[in-house]
Every structure is written in C-alpha cells, then in structure tokens.
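Q: Following this message is one structure expressed as structure tokens.
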Amino acid sequence: MIELKTPKEIEAMKPAGRFVGGILRDLKDFTKVGTNLLEIDEFVHKRIVDRKGATSCYVDYAPDFGTGPFAHYICTSVNDAVLHGVPYDYNLKDGDLISLDLAINVDGWVADSAISFCVGTQHPDDLRLIKCTEEALEAGIAAAQPGNRLGDVSCAVGDVAREYGYPINLEFGGHGVGRIMHGDPHVPNDGRAHHGYKLRPGLVIAIEPWFLKTTDEIYQDPKDGWTLKSEDGSRGAHSEHTIAITENGPEILTVRD
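Per full-length UniProt numbering, the very first residue in the sequence shown carries number 1; after that it's consecutive.
Dropping the structure here:
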C-alpha cells in the first residue's frame, strides 16, 4: 500500500536523511587504496552506535531476494558487483570501482542512499558510468513533480541510460520509503511517460539508477547468497537518494553537504 506522509512526518524523516547522507560523504573520504571492506562496515557500525535513536536497516534483514539475514551494516559492491554487496575481507585495490548503499532508521524513520566512486586511479570508462547514474538520478528527481506520473520518473532515468548507451535492468529499482526500508511503490529504472501512479505531495521514494557497462543480466553470488554481479564481468555503478514530493516539488532528504 502506498502511504503519503504529512509535512510534519517529512520533517521528522530529515534527521535520518542527513545522517545517511553524512555517513556516505565521510566514507568517500575514508575509503582509499588498501581500505578493507570490513573496515567500511565497522565505520558505519560505530556511527550507528554513537547516534541515539539510530538502528541498522540491514542487520538481520531477510527478504525473499536474499539468502538468510544480511548481517552487515552497509552494502559494499566492488567492480562487477553492483547491488547488495556483502562486506568481506578484501583490501581495495588501485582502480577499483566501489558502490556503497546505506539505509538507516533514526527515531522510527528510514533513509536510503547510495554512491559510487573510483578508488585511486580513475578510469575514464568508470567515470562515465558513474556520471550516467548520477545524471539519471538528477533527471528522475527533476521529473518527480506533483501531478506527474511515476512513469515520468522512470522514463527520465531510462532516457539518460539510453543516451549513454547502457542497457537497463528492471528487476531491481527504487521504492517507497518511510517506517520501513522497502515499501510501495516500486520505481523501475525505465518506463512510459505519463503512465502509472499519480505523484502527490507526501510521497517519499528512493530513486536509484544502477547500470552495468555491457549487459543487463545479473546473477546472485553463491558464495554469500546476496551480492548481485554482472553476468559478463563488466563493471556497475549505482546512485540513490531518498526524496519527498512536496507542494513545491521534490526535496532530497539524503543530502550529503
């Protein structure tokens, strides 16, 4: 069921958004060549412990698309991994592309956001892929105007991917956010403009473009039962914000400045 938030409830969601956005901003500075993925996980764990009213949305999370409880505090997807990456004992190498996806509950409200960036050497192909996800996110947010349709958001995201020439997977996408991490509606990364649910003030959604360089086919890593990787080994990138639709247009809740 799609739930609309009151202006007061949207205000109550902002601390969670700022907390998540701030952690991702700090992690981008923290993460270097040689940083271990488990160190990133522990960084988030400590921040949650130190924040009154904050709890992880990932620890013990066990939806039908994973295998057992997730058991970590952040998703760390490296190179050909693009979603749901489980932190493990791996030291990042020069030239790695990492995507960090983070959802935290603060005082009963959830915020969800993701960033991708290069570690050490920045390869032009990786930067182009990351830029595509960021521009697609911006386009999706711009289309999230009251009175528009959900298809307008999805179409705006998909149009950017097509301009760049990247294939689009519709299996995983954005979603409603509120008291829970994953709620209605589903926000696919492509769609038909002027179709679907009519956007109304009070709707809070996560828009999350993710693309792979040369395929739209993914598989679940059997080693951990969670990490989604490209079928052909090509790299992926992922950008995400939680936004609220207001009378004055979309407002980003997971700000990083």
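We put the beta carbon where it would ideally sit given N, CA and C, even for glycine.
Only a predicted model underlies this, so the values are computations on that prediction, with no experimental measurement involved.
On a CA-only basis, which of 78, 212 and 151 is nearest residue 119? Give me that one, please.
A: Checking every option, the nearest Cα to that of residue 119 belongs to 78.
Q: Using a Cβ-Cβ cutoff of less than 7 Å, which residues in the same chain neighbour residue 73 once the five nearest sequence positions on both sides are dropped?
A: Counting only Cβ-Cβ distances below 7 Å, and skipping sequence neighbours, we find 41, 44, 45, 48, 56, 58 and 59.
Q: Quick check on residue 7: buried or exposed, where buried means 16 or more other Cβ atoms within 10 Å of its Cβ?
A: Residue 7 is exposed by the Cβ-count criterion.
Q: Please report the straight-line C-alpha distance between residue 250 and residue 222, rounded to a whole angstrom.
A: Taking the straight line joining both Cα atoms gives about 39 Å.
Q: Per DSSP, what kind of secondary structure is residue 171 in: helix, strand or coil?
A: DSSP places residue 171 in coil when its eight states are reduced to three.
Q: Cα separation between residue 247 and residue 155?
A: Residue 247 and residue 155: Cα-Cα distance of roughly 22 Å.
Q: Could you check where the alpha helix (DSSP H) with residue 135 kicks off and where it finishes?
A: Note, residue 135: alpha helix (DSSP H), 124-143.
Q: Between 241, 253, 211 and 225, which has its C-alpha nearest residue 233's C-alpha?
A: Nearest option by C-alpha distance: 211.
Q: Does the stretch 86-94 touch the stretch 189-199, meaning 3 or more C-beta pairs lie closer than 8 Å?
A: Judged by Cβ distances under 8 Å, the stretch 189-199 makes no contact with the stretch 86-94, as fewer than three pairs qualify.
Q: Could you tell me whether the stretch 169-184 touches the stretch 132-139, where touching means 3 or more Cβ pairs closer than 8 Å?
A: Short answer: they don't touch.
Q: Would residue 28 pass as a contact of residue 172 if the rule is Cβ separation under 8 Å?
A: No, the pair does not count as a contact, with Cβ atoms beyond the cut-off.
Q: Please report the straight-line C-alpha distance between residue 157 and residue 189, rounded to a whole angstrom.
A: Whole-angstrom Cα-Cα distance: 6 Å.
Q: Hey, how far is the Cα of residue 66 from the Cα of residue 242?
A: When rounded, the distance between both Cα atoms is 22 Å.
Q: Using 10 angstroms around the beta-carbon of residue 166, count the other beta-carbons present and answer buried if the total reaches 16, otherwise exposed.
A: It is buried - the Cβ of residue 166 has at least 16 other Cβ atoms within 10 Å.
Q: Residue ranges of each alpha helix (DSSP H) run of no fewer than 4 residues wholly in the stretch 15-68, ordered along the chain?
A: Fully enclosed alpha helix (DSSP H) runs of 4 or longer: 37-50.
Q: Taking only three categories from DSSP, how would you classify residue 149?
A: DSSP places residue 149 in strand when its eight states are reduced to three.
Q: Do you know how far the Cα of residue 95 is from the Cα of residue 121?
A: Residue 121 and residue 95: Cα-Cα distance of roughly 5 Å.
Q: Measure the Cβ-Cβ separation of residue 111 and residue 20 and say whether it is below 8 Å.
A: Cβ atoms of residue 111 and residue 20: closer than 8 Å.
Q: Restricting to runs no shorter than 3 residues, where is the beta strand (DSSP E) found entirely within the stretch 171-202?
A: Counting whole runs of 3 or more residues, the stretch 171-202 contains the beta strand (DSSP E) stretches 174-176 and 183-187.
Q: Alpha carbon to alpha carbon, how far is residue 2 from residue 201?
A: Approximately 12 Å between the Cα atoms of the pair.
Q: Pop quiz: residue 185 and residue 150 are said to be a contact at Cβ under 8 Å. What is the actual Cβ separation, rounded to whole angstroms?
A: Right, the Cβ-Cβ distance comes to about 6 Å (below 8 Å), so this counts as a contact.
Q: Should residue 257 go down as buried or exposed, given a rule of 16 or more other Cβ atoms within 10 Å for buried?
A: Per the 10 Å Cβ criterion, exposed.
Q: Decide if residue 213 is buried, meaning its Cβ has at least 16 other Cβ atoms within 10 Å, or exposed.
A: Per the 10 Å Cβ criterion, buried.
Q: Give me the Cα-Cα distance between residue 227 and residue 130, rounded to the nearest whole angstrom.
A: Each residue's Cα considered, the two are about 19 Å apart.
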